[in-house]
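In my numbering, the protein residues as written are 14 to 357. Everything on this sheet refers to the single structure shown next.
As structure tokens, then:
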């Protein structure tokens, strides 16, 4: 009798992984990354986007500036493509001396404004506080960094009109089916957006281009991991409640369509993708009771990634923080890690 779970398990274990990590020297690691990163960028659709948008120069427009007592909050659009004005919040400390670190905080399957510390209802306020989801506000107010809280593409204003009218949180399925028709992926488009924000920020803000970090929860963790793997200007990566194995998470448990990249497991597992970040500091945040990124698979993936960082000679730059709870952000693990690499 046919057993779907058995079939998928066999499929994952028999499909060859072209860039599965087997190197034993730092030189071998560098050569492996030089081959793997272009292949990853290609299947994400970034090569197609670079070709299609080769002559395009993004523009930005400021909408609002608010004094929040503890920080300054600005609202902006960045046209990351000619027809994609990507909304983002820019949070600045009240006082900035010299160039300071930049923190990108892509959000997951919730509302973009929550990461900037904005709640539109009592329910949102409770969820934001309980899950410590006001990540950009934490970066600006508690750490003194400049933070950008972008809208993740297919959320907020970048949803379809039908999903806006139906009050759907996201348009991820629409983003997936249309992007794959032209050789793109939702993750690739979101990584593209992070790179364009870095371009704009380093040209227009008092930020230290050598101290750029990215951190977000759930879908924001997805963007954080893939963006850091592809975008070497990101100095520190802190994905929350995402780092796991493909097999043990999106390959076994129902997840949003935006998580899926055609052919990614023919290149490697998630810990191989994360290995492209080495030797840059990497912290995986996980919830002990996270039901969609199971902790046993997180720990396995972490041990495999730790091996890559050991070969790179920087095992101390790869850490795992496990929060005593479920699928949420844990700032206690995040900022202490970022701080030690950004302190001057």
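Every residue gets a Cβ at the ideal spot worked out from N, C-alpha and C, and that includes glycine.
request  = Measure the beta-carbon distance from residue 20 to residue 146 and round it to whole angstroms, keeping in mind my assumption that it falls under 8 angstroms.
outcome  = With 8 angstroms as the limit, residue 20 and residue 146 do not qualify as a contact, their Cβ atoms being about 37 angstroms apart.
Classification of residue 285 by the beta-carbon crowding that lies within 10 angstroms, buried from 16 upward = buried
message = Do residue 291 and residue 266 count as a contact pair if the criterion is CB distance below 8 angstroms?
response = no
ask   = Helix, strand or coil: how does DSSP classify residue 111 here?
value = coil
query = In chain order, what residues of the same chain have a beta carbon less than 6 angstroms from the beta carbon of residue 243, not counting five sequence neighbours either side?
reply = 54, 204
ask   = When the Cα atoms are used, what is the spatial distance from residue 127 to residue 178?
value = 21 angstroms
inquiry  = Looking at residue 332: is its Cβ nearer than 8 angstroms to the Cβ of residue 355?
reply    = no
task = Quick one: using the 10 Å Cβ neighbour count with 16 as the cut-off for buried, is residue 252 buried or exposed?
result = buried
query = Going straight from the alpha carbon of residue 143 to that of residue 248, what length do you get?
reply = 29 angstroms
inquiry  = Would residue 167 and residue 254 be called neighbours here (beta carbons separated by less than 8 angstroms)?
reply    = no
query = Apart from the five residues on each side of it in sequence, which residues of its chain come closer than 7 angstroms, Cβ to Cβ, to residue 92?
reply = 71, 72, 98
key: Bridge-paired residues (DSSP) for residue 226   = 116, 249
query = Which of the three DSSP states, helix, strand or coil, is assigned to residue 51?
reply = helix
key: Nearest-angstrom Cα separation, counted from residue 261 out to residue 141   = 28 angstroms
query = Apart from the five residues just before and just after residue 211, which ones in its own chain have a Cβ nearer than 8 angstroms to its Cβ?
reply = 115, 117, 225, 244, 246, 247
ask   = So residue 28 packs on residue 278, CB below 8 angstroms; how close in whole Å?
value = 6 angstroms
task = Taking only the alpha-carbon atoms, compute the straight-line gap between residue 353 and residue 158 and give it to the nearest angstrom.
result = 14 angstroms
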